[in-house]
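S.K.: Below is one structure. I have some questions about it.
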Amino acid sequence: MRKKGKIVANVISGLIGRSWSMLFAAAGYQVRIYDTDPSRMSQALEEIKLQLQDLDKRGLLRGELTADEQFSRITIATTLEECVKDSFFIQENVPEDAELKKKVHAELDKYIRSDAILASSTSAILPSIISEGLAHRNRFIVVHPTNPPFYAPMVELCSAPWTDPEVMETTRALMKEIGQQPVTINKEIDGFVLNRLQYAILGEGWRLIRDNVISVEDFDTVMKHGLGRRYAFMGPFETAYLNSEGWKVYSERYADMIYRIQKSFGEPEKMVGPTLDKVQEECNKMVPMEKLQERRQWRDRRLTALAKLIKDMEEEDKQAEGQ
Ligand SMILES: NC(=O)c1ccc[n+]([C@@H]2O[C@H](COP(=O)([O-])OP(=O)(O)OC[C@H]3O[C@@H](n4cnc5c(N)ncnc54)[C@H](O)[C@@H]3O)[C@@H](O)[C@H]2O)c1
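Numbering-wise (the UniProt record's numbering), the sequence shown opens with residue 1 and increments by one.
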């Protein structure tokens, strides 16, 4: 658990950077954080400390180390060079702006070990765009987490065309080791998979709400009390597979109907104009804007409870397999 000499650098300690720090520290790694704004780093440490204490209280700490031991593994670096120079894995978390990411990676490129892995949390910028001009471009990979990474462990891994295959393998193994669920995106694609899927759902919802087929509240109910109930522990392909006698039967029964409905989906529409006003107004009725922070805390309590339930059920599965 000591992982002596293994240092992970977490560049920029914003929302996602903080979560990465906690995940690596819980697995026993030394974590160095850096941000151009020093106040963000001290703020990050304060918040991490509180979160670790809270997780400890609720019996949800990850790994075998105590909250204090995990906290002591995270330290502040005063320069970018100091943060990354000895690190074997560097996770960059600057805001989602391609020019900014390119600039920060060009700087990182000067300081990193030639065998280090340079990862970016980018939600949708292609790995080849960020890494094209780098001397160490063969060491670059996108590691896109789901927010909040502590409770939604899926991470998308996507290489650039010139990334060493070993980088993908090592990153996959590292993600599993720290308790995340990596998926490999085999080729670069805008939005990777999570966001393509999310936007497909939002896009169809937008058209249905625009055309007065359903209200915002009822659309969300379809998701949370319908599809979402299953999707919390089973994907859509397995769901369909179980819903009939396998995929061949599912196709015989439903392929024509699904094709007909898919063809009726409308053109993509920018999320602006009168539908935007309607969506904003209805959401404000469900959760008034001044209560957003309260509702985020409610969401995190729900996610924590769900994570605990899923963890308990996975334990049950393991025990059943062992019998
Ligand atoms: N928040 C999410 O839901 C989420 C989920 C998955 C991936 N991501 C990705 O993670 C990355 C970081 O997102 P976040 O939500 O943590 O952002 P954030 O705004 O919370 O943190 C960004 C950090 O970057 C620093 N920063 C701002 N401007 C800078 C500059 N010019 N130079 C250097 N540092 C600067 C800030 O001080 C801040 O600490 C983005 O690429 C985002 O797309 C975010």
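Glycine residues also receive a C-beta, built at the ideal position from the N, C-alpha and C atoms.
A quick note: this is a predicted structure, and the numbers were derived from the prediction, not measured.
Is it the case that the segment 148-159 contacts the segment 182-201, given that we only count it when at least three CB pairs across the two stretches are under 8 Å?
M.R.: Taking 8 Å as the limit for Cβ pairs, the verdict is that the segment 148-159 does touch the segment 182-201.
S.K.: Could you check what DSSP says for Leu174 in three-state terms: helix, strand or coil?
M.R.: Within the sequence shown, numbered from 1, the residue matching residue 174 stands at position 174. Reduced to three states, the DSSP call for Leu174 is helix.
S.K.: Apart from the five residues on each side of it in sequence, which residues of its chain come closer than 8 Å, Cβ to Cβ, to Val167?
M.R.: In the sequence shown, counting from the first residue as 1, residue 167 sits at position 167. Cβ within range, chain order: Ile117, Asn138, Arg139, Phe140, Ile141, Ser159.
S.K.: If we call anything under 8 Å between Cβ atoms a contact, is Thr75 one with Arg32?
M.R.: As a first step, residue 75 is located in the sequence shown; it is residue number 75 there, counting from the start. As a first step, residue 32 is located in the sequence shown; it is residue number 32 there, counting from the start. Yes, the Cβ-Cβ distance between Thr75 and Arg32 is below 8 Å.
S.K.: Using alpha carbons as the reference points, say which of Phe150, Gln198, Arg253 lies closest to Ile178.
M.R.: As a first step, residue 178 must be located in the sequence shown, where it is residue number 178. Minimum Cα distance to Ile178 is reached at Phe150.
S.K.: Bridge partners of Tyr34, per DSSP?
M.R.: Along the sequence shown, read from residue 1 onward, the residue named residue 34 stands at position 34. According to DSSP, Tyr34 bridges with Val11.
S.K.: Among the candidates Gly235, Asp218, Leu276, Arg229, whose CA atom is the shortest distance from the CA of Leu197?
M.R.: Translated into the one-based positions of the sequence shown, residue 197 becomes position 197. Selected option, being the one with the closest Cα: Gly235.
S.K.: Nearest-angstrom Cα distance between Glu107 and Asn147?
M.R.: As a working note, residue 107 is residue 107 in the sequence shown. As a working note, residue 147 is residue 147 in the sequence shown. Approximately 27 Å, taken between the alpha carbons.
S.K.: Distance cutoff 8 Å, beta carbons only. Does Phe192 sit that close to anything in chain B?
M.R.: The structure shown contains no chain B; it holds only a single protein chain.
S.K.: Could you pull out every residue in the same chain whose Cβ sits closer than 6 Å to the Cβ of Arg207, ignoring the five residues on either side in sequence?
M.R.: The count along the sequence shown starts at 1 and reaches residue 207 at position 207. Closer than 6 Å at the Cβ level, and outside the excluded window around Arg207, lie Gly266.
S.K.: Does at least one heavy atom of ligand 1 sit under 7 Å from the Cβ of Thr275?
M.R.: If you number the sequence shown from 1, residue 275 lands on position 275. No; taking the cut-off as 7 Å, the Cβ of Thr275 has no heavy atom of ligand 1 nearer than that.
S.K.: Taking three-plus beta-carbon pairs below 8 Å as touching, is the segment 49-61 in contact with the segment 77-96?
M.R.: Too few Cβ pairs lie closer than 8 Å, so no.
S.K.: Report the partner residues of Phe140 according to the DSSP bridge assignment.
M.R.: Sequence index remark: in the sequence shown, residue 140 carries index 140 (1-based). Partner(s): Leu118.
S.K.: Please identify the residue among Ala77, Leu65, Lys6 whose C-alpha is closest to the C-alpha of Asp37.
M.R.: Looking up residue 37 in the sequence shown gives position 37. Closest option to Asp37, Cα to Cα, is Ala77.
S.K.: Can you tell me which residues form a DSSP beta bridge with Val155?
M.R.: Mapped onto the sequence shown, residue 155 falls at position 155. Answer by DSSP bridge pairing, in chain order: Pro145, Pro182.
S.K.: Taking 7 Å as the cut-off, is the beta-carbon of Glu96 closer than that to any non-hydrogen atom of ligand 1?
M.R.: Position 96 of the sequence shown, counting from 1, holds the residue named residue 96. Checking the Cβ of Glu96 against ligand 1 gives yes.
S.K.: Quickly, what does DSSP pair Thr163 with across the bridge? List them, please.
M.R.: Counting from 1 along the sequence shown, the entry for residue 163 is found at position 163. In DSSP, Thr163 forms no bridge with anything.
S.K.: In whole angstroms, give me the CA-to-CA distance for Ile130 and Ser244.
M.R.: The count along the sequence shown starts at 1 and reaches residue 130 at position 130. The count along the sequence shown starts at 1 and reaches residue 244 at position 244. The straight-line gap from Cα to Cα measures roughly 44 Å.
S.K.: Using the Cα positions of Lys311 and His144, report the straight-line distance between them to the nearest angstrom.
M.R.: As a first step, residue 311 is located in the sequence shown; it is residue number 311 there, counting from the start. As a first step, residue 144 is located in the sequence shown; it is residue number 144 there, counting from the start. When rounded, the distance between both Cα atoms is 22 Å.
S.K.: Distance check for Glu238 and Leu86, CA to CA, integer angstroms please.
M.R.: The residue labelled residue 86 in the question sits at position 86 within the sequence shown. The residue labelled residue 238 in the question sits at position 238 within the sequence shown. It should be pointed out that residue 86 corresponds to Asp in this sequence rather than to Leu. In a straight line, the C-alpha of Asp86 is about 43 Å away from that of Glu238.
S.K.: Can you tell me whether Asp97 is buried or exposed? The criterion is at least 16 other CB atoms within 10 Å of its CB, across all chains shown.
M.R.: Counting from 1 along the sequence shown, the entry for residue 97 is found at position 97. Asp97 is exposed by the Cβ-count criterion.
S.K.: Under 8 Å by Cβ, that's how I've got Gln51 and Met22 pegged, so tell me the actual separation to the nearest angstrom.
M.R.: Walking along the sequence shown from the start, residue 51 turns up at place 51. Walking along the sequence shown from the start, residue 22 turns up at place 22. With a Cβ gap of about 7 Å, Gln51 and Met22 count as contacting.
S.K.: Do Pro153 and Gln181 count as a contact pair if the criterion is CB distance below 8 Å?
M.R.: The count along the sequence shown starts at 1 and reaches residue 181 at position 181. The count along the sequence shown starts at 1 and reaches residue 153 at position 153. Their beta carbons are under 8 Å apart, which means Gln181 touches Pro153 by this criterion.
S.K.: Quick one: using the 10 Å Cβ neighbour count with 16 as the cut-off for buried, is Asp59 buried or exposed?
M.R.: Residue mapping note: residue 59 aligns to position 59 of the sequence shown, counting from 1. A small fix is needed here, since residue 59 is Gly in this sequence, not Asp. Exposed: under 16 other Cβ atoms inside 10 Å.
S.K.: So Asn93 and Ser121 are in contact, right, with Cβ under 8 Å, and what is the actual spacing, rounded?
M.R.: Mapped onto the sequence shown, residue 93 falls at position 93. Mapped onto the sequence shown, residue 121 falls at position 121. Rounded, the Cβ-Cβ distance is 5 Å, consistent with contact.
S.K.: Could you tell me which uninterrupted alpha helix (DSSP H) segments, each at least 4 residues in length, are contained entirely in the segment 68-122, listed from first to last along the chain?
M.R.: For the segment 68-122, whole alpha helix (DSSP H) runs of length 4 or above, ordered along the chain, are 80-84, 98-111.
S.K.: Can you give the beta carbon distance from Ala135 to Phe89, rounded, assuming they're within the 8 Å contact cut?
M.R.: Position 135 of the sequence shown, counted from the start, is the residue given in the question as residue 135. Position 89 of the sequence shown, counted from the start, is the residue given in the question as residue 89. Not confirmed; about 18 Å, so no contact.
S.K.: Can you tell me where the alpha helix (DSSP H) holding Asp218 begins and where it ends?
M.R.: Counting from 1 along the sequence shown, the entry for residue 218 is found at position 218. Segment 216-221, the alpha helix (DSSP H) holding Asp218.
S.K.: With a Cβ-Cβ cutoff of 8 Å, do Ala9 and Gln70 count as a contact?
M.R.: What you label residue 9 is simply residue 9 of the sequence shown in a count that begins at 1. What you label residue 70 is simply residue 70 of the sequence shown in a count that begins at 1. Cβ atoms of Ala9 and Gln70: not closer than 8 Å.
S.K.: With C-beta atoms as the reference, is Tyr241 less than 8 Å away from Tyr250?
M.R.: In the sequence shown, residue 241 corresponds to position 241, counting from 1. In the sequence shown, residue 250 corresponds to position 250, counting from 1. In this structure, Tyr250 lies closer than 8 Å to Tyr241 by Cβ.
S.K.: Taking the CB atoms as reference points, tell me whether Gly28 and Leu65 lie closer together than 8 Å.
M.R.: By one-based count along the sequence shown, residue 28 stands at place 28. By one-based count along the sequence shown, residue 65 stands at place 65. Result yes, Cβ atoms of Gly28 and Leu65 sit closer than 8 Å.
S.K.: For Gly17, is the classification buried or exposed, using 16 other Cβ atoms within 10 angstroms of its Cβ as the cut-off for buried?
M.R.: Within the sequence shown, residue 17 is the residue found at index 17, counting from 1. When all chains shown are included, Gly17 counts as buried.
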